[in-house]
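Trainee:
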Amino acid sequence: MAYGLGLQSELTLPELVPSDVPPDVTMRVTEVAPDARGAASKTNLLFTETSVGKFFIVGNDEIAIQPFPGVEEAQLRLFLLGPVMAALLRRRGLLVLHASAVALDNGAVAFLGDSGWGKSTLAGAFQKQGYPFLADDVLAIQMDTEQPVVLPSFPQAKLWPEAATALGYAQEQLHELYPNSSKFGYHFNGSFSLETHPLKAIYILGGAHSNHQIVSCQPRLAFLNLVRHSWARNIPVEPDLDRLHFDQCARLVRQIPIRLLMRQLSLDALPDLVRLIQEDNKI
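Numbered according to the working numbering, the sequence shown spans residues 121 to 403.
1) Look up Gln247 in the DSSP assignment and give the residues it is bridged to.
2) By Cβ distance, which residues of its chain are closer than 7 Å to Asn331, with the 5 residues on each side in sequence left out?
3) Mind the definition here: the segment 200 to 212 touches the segment 169 to 180 only if three or more C-beta pairs lie below 8 Å; say whether that holds.
4) Quickly, what does DSSP pair Gly119 with across the bridge? List them, please.
5) Counting only runs of 3+ residues fully inside the segment 289 to 356, write out the beta strand (DSSP E) ranges in chain order.
6) Grab the span of the alpha helix (DSSP H) containing Arg212 for me, first residue to last.
7) Count the other CB atoms within 10 Å of the CB of Ser386; is the residue buried (16 or more) or exposed (fewer)?
8) What is the C-beta distance between Lys248 and Ala219, in whole angstroms, given that I count them as a contact (C-beta under 8 Å)?
9) For Leu259, which residues does DSSP report across the bridge?
10) Can you give the Cα-Cα distance for Leu372 and Asp234, rounded to whole angstroms?
11) Over what stretch of residues does the beta strand (DSSP E) that includes Glu182 continue unbroken?
12) List the endpoints of the continuous beta strand (DSSP E) containing Gln128.
13) Would you mind reading off the limits of the alpha helix (DSSP H) that contains Glu399?
14) Please determine if the segment 175 to 195 and the segment 144 to 152 are in contact, where contact requires at least 3 C-beta pairs separated by less than 8 Å.
15) Got a sec, what are the start and stop residues for the alpha helix (DSSP H) Glu282 sits in?
16) So, helix, strand or coil for Thr132, using DSSP?
17) With a CB to CB cut of under 6 Å and the five nearest residues on each side skipped, what residues in its chain are close to Pro134?
18) Is Leu385 helix, strand or coil by DSSP?
19) Would you tell me roughly how many angstroms separate the C-alpha atoms of Gln291 and Trp280, rounded to the nearest one?
20) Beta-carbon separation of Leu166 and Trp237 under 7 Å?
21) So what does DSSP say about Gln267, is it helix, strand or coil?
22) Does the beta-carbon distance from Gln276 to Gly244 come in below 7 Å?
23) Identify which residue in Ala194, Asp256, Leu297, His365 has its Cα closest to the Cα of Leu271.
24) Can the beta-carbon of Pro318 be found less than 7 Å from the beta-carbon of Gly227?
25) Please classify Ala153: does DSSP put it in a helix, a strand, or coil?
26) Less than 7 Å between the C-beta atoms of Trp351 and Ala230, yes or no?
27) With H, G and I counted as helix, E and B as strand and the rest as coil, what does DSSP make of Gly236?
28) Helix, strand or coil for Met147? Go by DSSP, reduced to three states.
29) Can the beta-carbon of Ser171 be found closer than 7 Å to that of Phe253?
30) Could you tell me the alpha carbon to alpha carbon distance between Gln262 and Leu217, rounded to whole angstroms?
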């Protein structure tokens, strides 16, 4: 189970939370027809990752997976639960951002930014202080409700080794995402929320600064950052979904605070950064 969906998969997915809910999405390991690209349309979508395999999304409830010879299952899962899942969620009408999220006492907060800028590390720092983890890398937001709602993903984060050490995770708790990966996976046993949470704030991670600081973000800049850090940029969809995506980004800017988070780029400063965000959310 992930993102509120029952997932039935022929490929073992140890990252997910086991569930007996009826399947909403079926994932089959099968050969993707050579003419699949020609069959791709507003109802179907073909992904080809040159070193991993082919993934064919049929409608909004089926994914065909064709692994390339010799590919590691871990690499297959990483692509399936990343770009392919993001595409499926977007096709189901959700706003999908490249962000991490945790649940605070009054709702969820999300951390938005480029790869390698510390989104997962910051979420891990909150988890170490007892706040449930919600999502890493693929953040799905339901926008057809009165208030934006974060859908929980699955209890794994991808971390650099030095970040995992700073967070106090023992080496035996980490696993290779795939052979020779520079990042490691960490499974949040017992500190993951299966509940949906209203989204209360988004923090855009800024570059190096002399001290931690939260700065208001002008609406236009907030909108541009949502678009830039969304999974929509490289996923081909029909024009209606593109219009929906831009409308969702604009509504999110109007509905919740979106702020710039200037910070010292030091792992030792993580506790101070957590406290600053807690104070900003009046915890």
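Idealized CB from N, CA, C, for every residue including glycine. Keep in mind the model is a prediction, meaning the values are calculated, not measured.
Mentor: Concretely, from the data shown:
1) Partner residues in a beta bridge of Gln247, as assigned by DSSP, do not exist.
2) Gln384
3) yes
4) Given a span of 121 to 403 for the chain in the structure shown, any question on residue 119 remains unanswerable.
5) 294 to 296, 304 to 307, 317 to 328, 333 to 336
6) Looking at the DSSP string, Arg212 is not in any alpha helix (DSSP H), and its letter there is neither H nor E.
7) exposed
8) Not quite, the Cβ-Cβ distance comes to about 19 Å (not below 8 Å), so this is no contact.
9) Leu217
10) In this structure, the CA atom of Leu372 is about 19 Å from the CA atom of Asp234.
11) From DSSP, the beta strand (DSSP E) with Glu182 extends over 182 to 187.
12) In this chain, the beta strand (DSSP E) harbouring Gln128 covers 127 to 129.
13) Segment 390 to 400, the alpha helix (DSSP H) holding Glu399.
14) Yes, since at least three Cβ pairs between the segment 175 to 195 and the segment 144 to 152 fall closer than 8 Å, the two stretches touch.
15) 281 to 286
16) coil
17) Excluding the 5 residues flanking it on each side, Pro134 has no same chain C-beta neighbour closer than 6 Å.
18) coil
19) 12 Å
20) No. Outside cutoff.
21) coil
22) no
23) Asp256
24) Yes.
25) coil
26) no
27) coil
28) If DSSP states are grouped into helix, strand and coil, Met147 belongs with the strands.
29) no
30) Whole-angstrom Cα-Cα distance: 11 Å.
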